[in-house]
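Chains as they are written, first to last, in our numbering: chain E, 1 to 374; chain Y, 1 to 590.
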């Protein structure tokens with residue numbers, strides 16, 4: 001089993017630095033392909049026909065609410081669980097398929113947990129050395145120290161994990177996962193146990209490190225803002241399926257479904273009817289997107305997309321919340337009585353019941369076929 | 001190593017068979033696809049060995065007992081069943097009353113001597129039932145110290161003038177069992193009372209409940225599951241007993257199995273009674289399981305402020321002290337004082353005999369061997385579940401833990417024919433291969449005895465290790481695996497260093513219980529192989545209890561070790577990872 005970690009070529013090892021001699025070269029930018037994977041827990045489908053590709057050096061976020069299967073997918077990639085169907089390929093090698101299954105210790109993936117999972121009986125350096133067993137101890141120690149230096153923790157090498165703060169433990173976990181040069185690193189909610197201020201810093205440092213090393217990474221998170229900040233590509237999951245994959249901009253600006261739109265932002269949903277390429281709603285008439293079938297549909301409007309407009313539709317002011325940079329207004333559509341939210345600044349004093357005229361830029365309106373009616 | 005190549009299976013095995021779309025494999029298919037791991041197979045073998053005596057009993061019992069059964073039905077069983085039920089009811093009431101009352105007193109109130117009593121109440125746990133019976137038989141003998149002293153005090157000269165109720169009766173048996181078995185209830189309920197939040201008690205007070213009201217309407221209902229668990233453990237001990245009831249003249253079912261086997265030499269009849277008895281046990285196990293069902297719900301009350309103890313007035317404090325001290329004195333101080341006096345007398349007269357040294361070595365030897373085997377098997381069972389928790393592995397682990405519920409006599413009876421069969425097989429094999437037979441190797445070498453110990457006490461090893469494993473978060477396993485450790489490496493490099501305290505305490509419990517075990521030891525030991533327990537029993541059957549006092553005292557002293565462990569358990573458990581971290585510093589990473 002150790003053979004896979006050793007370099008197979010017989011090049012002159014003397015000229016190579018230690019790391020190159022003991023660790024696979026260039027393993028860090030791994031290429032991960034997941035094809036039609038399914039997995040069940042009891043009767044519940046945890047992963048339902050999921051396919052995903054992580055290009056070398058890419059950071060992909062698995063985004064979703066708790067229980068959507070994102071952590072399960074991570075465990076399937078790591079090999080600590082075995083899917084019922086589908087294939088997983090790492091750097092072109094099938095690590096999991098109908099006939100093959102490579103156990104986690106032979107896959108060469110790194111795993112970072114929400115609780116960091118540091119071994120409490122081992123010192124920080126010994127934790128990092130845990131995955132460096134196939135080489136002389138002094139080499140392992142040197143590599144571990146290099147990894148710890150990389151996360152600025154070399155001075156804590158001989159301390160025990162419980163003596164470190166949460167942020168430091170997180171960095172040890174990262175160093176430990178990176179030390180054996182995995183082809184892909186998997187992170188399960190790696191920042192969610194950190195307090196708000198620390199989280200930003202650690203997140204930036206971690207992502208900078210991953211980018212610097214050119215590592216492929218799959219990061220699980222439930223926080224859409226975090227996903228948009230760190231990911232090259234986001235796979236949004238819901239009930240065991242990937243509902244949309246794309247860049248953060250694609251998912252935010254061109255959500256494939258109402259679910260995706262709702263996930264990234266609070267949206268106003270207004271019932272409407274599509275007829276002959278036109279959409280009629282209580283907030284006015286908008287051009288329908290191409291190939292939109294006639295019938296009931298839902299308009300999806302972000303609060304930021306609503307602005308004062310002299311030529312717009314009249315709405316009744318209900319109440320406001322001061323949020324600092326702008327205000328959050330609750331407005332009532334006169335015809336239907338529906339309450340919508342808008343984010344506006346410089347609106348001046350308003351009285352309850354006062355009528356405002358608001359307009360919505362057609363390009364910021366998202367239209368979806370009415371999900372309830374099919 | 002072939003185990004390394006084994007595909008790792010999902011942590012939760014899907015229980016449901018094929019459900020159409022999305023479930024491409026049937027039930028059987030899933031098992032086959034995952035493949036049985038070496039660990040699962042090993043667990044299955046262990047479970048089979050543990051279940052073997054029960055199957056053998058079934059075969060033996062169904063094979064018939066000649067014409068003994070009508071006789072047993074008519075003359076032996078009705079009395080034995082009646083006596084056993086009365087004993088169980090009596091002991092059940094005693095242990096529940098003493099255990100719950102003392103647990104509540106030391107948890108809810110503060111009085112002089114409370115801190116001392118809180119752990120002293122555990123002491124009778126070190127006292128096996130047969131030793132307390134022998135001690136009291138002598139203590140309460142008409143010419144023993146208690147009655148003589150009483151007569152002296154009252155100015156009476158003849159034992160006939162002062163007739164006390166005889167300890168050799170069902171009532172005496174219930175009393176003695178109650179005084180040594182109540183700690184099972186005490187431990188369980190005290191833990192439960194400790195967990196209760198102060199707000200519950202305070203709310204009850206503001207709603208008008210007095211001290212008694214709080215106890216009966218709040219504390220007791222919440223502690224009910226713990227009481228049931230503790231009481232069923234105590235009753236299993238009571239059912240297991242042979243030594244005490246025999247000498248107290250109480251003819252229980254256990255005793256009738258023993259006599260049917262030994263005196264009548266009727267294995268079939270003994271097996272039939274044993275099967276009947278297993279029904280009783282099954283009810284006890286059922287009660288315990290049923291009670292544990294609620295434990296989770298009660299455990300939710302963990303959060304919040306703990307109950308603070310109320311101070312008692314001097315008079316009430318003295319009464320509380322007396323109530324708590326009484327079972328300690330009766331169940332531990334008196335019999336131990338008797339044993340010490342007798343042991344010192346004998347040591348002074350004869351010194352330490354060679355016999356007692358060889359008996360101690362025998363006891364320690366078989367107990368140590370059984371402990372090591374029980375720990376290894378327990379590790380296999382618990383690690384299998386850890387690796388691959390599915391209904392099958394969990395069932396295997398539960399089956400393998402069944403031995404504790406089987407009384408030693410029944411277990412010995414059940415092991416007899418499988419082990420004899422194995423011995424004959426060994427004999428034939430040795431004859432064919434080596435040219436001379438091995439005889440009854442297992443019985444002659446003590447192998448049968450060790451097997452019985454392992455089967456009976458595997459539960460403790462499994463339970464202790466399971467608790468240890470549960471403290472390790474599963475993410476450590478996954479981290480270890482992705483960092484290149486195979487399952488065995490994970491066990492060696494991560495689990496064992498972390499569960500070492502659990503291994504030690506589980507081993508200690510198994511060891512001491514092996515030392516104390518009497519019925520199976522009597523029945524399965526090699527000829528002329530005396531352990532401390534059988535020596536005590538032998539002296540007692542000759543009516544010379546006091547000659548067994550040194551051995552009895554030794555057993556009690558060994559028994560004190562786990563008591564101290566339990567007394568200090570709460571303090572050590574919190575620091576487990578740190579202390580493990582420090583001691584392991586030098587050994588790991590090589």
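From the three backbone atoms N, C-alpha and C, an ideal C-beta is built for every residue, glycine too.
*Taking residue 109 of chain E as the query, report the chain Y residues whose CB atoms sit under 8 Å from its CB, ordered along the chain.*
The residue labelled residue 109 of chain E in the question sits at position 109 within the first chain. Ordered by position in chain Y, the residues that pass the 8 Å Cβ test against residue 109 of chain E are 482.
*Excluding the 5 residues preceding and the 5 following residue 511 of chain Y in the sequence, name in chain order all residues of the same chain whose CB lies nearer than 7 Å to its CB.*
The count along the second chain starts at 1 and reaches residue 511 of chain Y at position 511. 367, 368, 371, listed in sequence order.
*asked:* Just to confirm, is the Cβ distance from residue 202 of chain E to residue 167 of chain E under 7 Å?
replied: If you number the first chain from 1, residue 202 of chain E lands on position 202. If you number the first chain from 1, residue 167 of chain E lands on position 167. Yes, they are a contact pair.
*Could you say if the stretch 524–537 of chain Y and the stretch 352–364 of chain Y meet the contact criterion of at least three C-beta pairs nearer than 8 Å?*
The stretch 524–537 of chain Y vs the stretch 352–364 of chain Y: in contact.
*Along the alpha helix (DSSP H) that carries residue 138 of chain E, what are the first and last residues, could you check?*
Position 138 of the first chain, counted from the first residue, corresponds to residue 138 of chain E. 137–150 is the span of the alpha helix (DSSP H), which, as asked, contains residue 138 of chain E.
*Validate contact between the stretch 408–418 of chain Y and the stretch 53–73 of chain Y using beta carbons, cut 8 Å, 3 pairs*: yes
*From which residue to which residue does the alpha helix (DSSP H) around residue 136 of chain Y run?*
Locating residue 136 of chain Y in the second chain gives position 136, counting from the first residue. 129–139 is the extent of the alpha helix (DSSP H) around residue 136 of chain Y.
*Give me the Cβ distance between residue 88 of chain Y and residue 238 of chain Y, rounded to the nearest whole Å; I'm assuming they're in contact under 8 Å.*
Taking the first residue of the second chain as 1, we reach residue 88 of chain Y at position 88. Taking the first residue of the second chain as 1, we reach residue 238 of chain Y at position 238. Their Cβ separation, rounded to whole angstroms, is 7 Å, which keeps residue 88 of chain Y and residue 238 of chain Y in contact under 8 Å.
_By the three-class DSSP mapping on this structure, what secondary structure does residue 111 of chain E have?_
Position 111 of the first chain, counted from the start, is the residue given in the question as residue 111 of chain E. Strand.
*Have a look at residue 594 of chain Y and residue 221 of chain Y and give me their C-alpha separation to the nearest angstrom.*
With chain Y covering only 1 through 590, there is no way to say anything about residue 594 of chain Y.
*Interface residues of the stretch 484–508 of chain Y facing chain E [CB-CB below 7 Å]*: 484, 485, 486, 494, 497, 498
_residue 139 of chain E: contacting residues in chain Y (beta-carbon distance under 9 Å)_ = Within the first chain, the letter at position 139 stands for residue 139 of chain E. Here the premise fails: no neighbours, minimum Cβ distance about 13 Å.
*Where do the ends of the alpha helix (DSSP H) carrying residue 94 of chain Y lie?*
Looking up residue 94 of chain Y in the second chain gives position 94. Counting along the chain, residue 94 of chain Y sits inside the alpha helix (DSSP H) bounded by residues 77–108.
*So what's residue 292 of chain E in DSSP terms, helix, strand or just coil?*
By one-based count along the first chain, residue 292 of chain E stands at place 292. Reduced to three states, the DSSP call for residue 292 of chain E is coil.
*Nearest to residue 565 of chain Y (by Cα), restricted to the options Y:358, Y:325, Y:125, Y:333*: Translated into the one-based positions of the second chain, residue 565 of chain Y becomes position 565. When only C-alpha atoms are compared, the closest one is Y:125.
*Can the beta-carbon of residue 175 of chain E be found closer than 7 Å to that of residue 128 of chain E?*
Walking along the first chain from the start, residue 175 of chain E turns up at place 175. Walking along the first chain from the start, residue 128 of chain E turns up at place 128. For residue 175 of chain E and residue 128 of chain E, yes; Cβs fall inside 7 Å.
*Under a CB-based cut-off of 7 Å, is residue 117 of chain E close to chain Y?*
Within the first chain, numbered from 1, the residue matching residue 117 of chain E stands at position 117. At least one chain Y Cβ lies under 7 Å of residue 117 of chain E.
*Spatial neighbours of residue 258 of chain E in its chain, beta-carbon cut-off 7 Å, leaving aside the 5 residues before and after*: To locate residue 258 of chain E, count along the first chain from 1; it is residue 258. Correct list, in chain order: 298, 300, 368, 371.
*If you measure from the CB of residue 510 of chain Y, is any heavy atom of the ligand FMN nearer than 6 Å?*
Because no ligand of any kind appears in the structure shown, any question about the ligand FMN cannot be addressed here.
*Between the stretch 541–551 of chain Y and the stretch 343–354 of chain Y, do three or more beta carbon pairs fall short of 8 Å?*
The answer is yes - the stretch 343–354 of chain Y touches the stretch 541–551 of chain Y, with three or more Cβ pairs under 8 Å.
*Examine chain Y for any beta-carbon lying closer than 7 Å to the beta-carbon of residue 94 of chain E, and answer yes or no.*
Against the first chain, residue 94 of chain E aligns to sequence position 94. For residue 94 of chain E, the nearest beta carbon of chain Y is not closer than 7 Å to its own beta carbon.
*In angstroms, rounded to a whole number, what distance separates the CA positions of residue 275 of chain E and residue 294 of chain E?*
Position 275 of the first chain holds residue 275 of chain E. Position 294 of the first chain holds residue 294 of chain E. Approximately 5 Å between the Cα atoms of the pair.
*Note down the Cα distance separating residue 143 of chain Y from residue 335 of chain Y, rounded to an integer number of angstroms.*
Position 143 of the second chain, counted from the start, is the residue given in the question as residue 143 of chain Y. Position 335 of the second chain, counted from the start, is the residue given in the question as residue 335 of chain Y. About 17 Å.
*If we call anything under 7 Å between Cβ atoms a contact, is residue 356 of chain E one with residue 315 of chain E?*
Counted from its first residue, the first chain places residue 356 of chain E at position 356. Counted from its first residue, the first chain places residue 315 of chain E at position 315. Their beta carbons are under 7 Å apart, which means residue 356 of chain E touches residue 315 of chain E by this criterion.
*If we ignore side chains and look at the alpha-carbon of each, how far apart do residue 292 of chain E and residue 243 of chain E end up?*
As a first step, residue 292 of chain E must be located in the first chain, where it is residue number 292. As a first step, residue 243 of chain E must be located in the first chain, where it is residue number 243. When rounded, the distance between both Cα atoms is 20 Å.
_With a threshold of 7 Å between beta carbons, is residue 37 of chain Y in contact with chain E?_
By one-based count along the second chain, residue 37 of chain Y stands at place 37. No, residue 37 of chain Y lies away from the interface with chain E (no Cβ there is under 7 Å from its Cβ).
*Using a beta-carbon distance below 7 Å, is residue 476 of chain Y in contact with chain E?*
For this step, residue 476 of chain Y is matched to residue 476 along the second chain. Residue 476 of chain Y counts as touching chain E.
*asked:* Quick check on DSSP: helix, strand or coil for residue 359 of chain E?
replied: In the first chain, residue 359 of chain E corresponds to position 359, counting from 1. In the three-state DSSP reduction, residue 359 of chain E falls in the strand class (E or B).
_Beta carbon proximity, residue 429 of chain E to chain Y, threshold 7 Å_ = Not covered by the structure: residue 429 of chain E. The range shown for chain E is 1 to 374.
*asked:* Just verifying my parser: in three-state terms, what is the DSSP assignment at residue 362 of chain Y?
replied: The sequence position of residue 362 of chain Y within the second chain is 362, counting from 1. In the structure shown, residue 362 of chain Y sits in a helix (DSSP, three-state: H, G or I).
*Hey, is the stretch 175–192 of chain Y in contact with the stretch 114–125 of chain Y, meaning 3+ C-beta pairs nearer than 8 Å?*
Here the stretch 175–192 of chain Y lies against the stretch 114–125 of chain Y, with 3 or more beta-carbon pairs under 8 Å apart.
*What is the C-beta distance between residue 182 of chain E and residue 124 of chain E, in whole angstroms, given that I count them as a contact (C-beta under 8 Å)?*
What you label residue 182 of chain E is simply residue 182 of the first chain in a count that begins at 1. What you label residue 124 of chain E is simply residue 124 of the first chain in a count that begins at 1. So it is not a contact: roughly 19 Å between Cβ atoms.
*Tell me whether the beta-carbon of residue 97 of chain E lies closer than 7 Å to the beta-carbon of residue 87 of chain E.*
For the purposes of this step, residue 97 of chain E is taken as the residue at position 97 of the first chain. For the purposes of this step, residue 87 of chain E is taken as the residue at position 87 of the first chain. It is a contact, given that the beta carbons lie within the stated cut-off.
_List, in chain order, every chain Y residue whose beta-carbon is nearer than 8 Å to that of residue 180 of chain E._
Here residue 180 of chain E refers to the residue found at position 180 of the first chain. Around residue 180 of chain E, the beta-carbon contacts reaching into chain Y at under 8 Å are 483, 484.
*Give every residue of the same chain whose Cβ lies closer than 7 Å to the Cβ of residue 287 of chain Y, excluding the five residues on either side of it in the sequence, and list them in chain order.*
To locate residue 287 of chain Y, count along the second chain from 1; it is residue 287. If we look at residue 287 of chain Y and ignore the five residues flanking it on each side, its Cβ neighbours are 228, 232.
*asked:* Going by beta-carbon coordinates alone, are residue 340 of chain E and residue 282 of chain E separated by less than 7 Å?
replied: Residue numbering aside, residue 340 of chain E sits at position 340 when the first chain is read from its first letter. Residue numbering aside, residue 282 of chain E sits at position 282 when the first chain is read from its first letter. Going by C-beta atoms, residue 340 of chain E is not nearer than 7 Å to residue 282 of chain E.
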